[in-house]
Ligand SMILES: [Zn+2]
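Numbering (the numbering used here), first residue to last: 7 to 220.
Encoded structure:
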């Protein structure tokens, strides 16, 4: 398992520190989950440049050649999750009361979808994980460089070097924070992102196959 120093930075030859102070938004609660993202770009350098000034980003970035960068302390929240789906609705397991409350938000007159989704997110955040999906305060984020296919409108599979780095990094984090496979999420499945809900999905699937084979 890799070492994490007192300030939340990983100490390992495979991880390059690229501190992007604008990504840090206050102390994390205990880490409960990891969310996998795709950059929508083809190079790490453009992301690292953007994160010099942007407030949104993730703790880790995996480049097109498999390089792993840590851009925020693991003790700091990053803004990377956004507007959550109501978890119980994705599994048809809402209590009657909760289903009513969520329906009331979604059918509220005079609000647009963005406002409704923000209200659902606030509603979800009143629940404890894992009754809801993870959010910024309890999930670490990993961005993997990769574009959305204009033809299929889904994210391409991470390449071999990226997969090897991802598997290693997730294994380390799972061990460090005592997580399980069910605590790893694809961004597109938990929050309003790409229309086909594919962001991070192929990366998560590859990780699951690797764990089942291992
Ligand atoms: Zn994302």
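Backbone N, C-alpha and C define an ideal beta-carbon position, used for all residues, glycine too.
Requested in this report: Give me the Cβ distance between residue 130 and residue 124, rounded to the nearest whole Å; I'm assuming they're in contact under 8 Å.
Outcome: Rounded, the Cβ-Cβ distance is 11 Å, inconsistent with contact.
Report task. Closer than 6 Å by C-beta to residue 75: which residues in its own chain qualify, once you throw out the five before and the five after it? Chain order, please. Result -> 22, 24, 67
Query raised in the report: Can you find a heavy atom of ligand 1 that lies under 8 Å from the Cβ of residue 18?
Result: no
Report task. Kindly indicate which three-state DSSP category residue 22 falls into: helix, strand or coil? Result -> strand
Requested in this report: Could you tell me if the beta carbon of residue 86 falls within a distance shorter than 8 Å of some heavy atom in ligand 1?
Outcome: yes
Report task. Keeping to the same chain, check which residues put their C-beta closer than 7 Å to that of residue 205; ignore five residues upstream and five downstream. Result -> 43, 44, 161, 192, 193, 194, 199
Query raised in the report: Closer than 8 Å: is that where the CB of residue 93 sits relative to any heavy atom of ligand 3?
Result: Absence of ligand 3 is noted for the structure shown, with ligand 1 being the only ligands found.
Query raised in the report: residue 205: beta carbon under 8 Å from a heavy atom of ligand 1?
Result: yes
Query raised in the report: CB residue 89 to CB residue 41, shorter than 9 Å?
Result: no
Report task. Put residue 16 into one of helix, strand or coil per three-state DSSP. Result -> strand
Query raised in the report: So what's residue 29 in DSSP terms, helix, strand or just coil?
Result: helix
Query - Residue burial classification, residue 169 (beta-carbon count within 10 angstroms, cutoff 16) - result: buried
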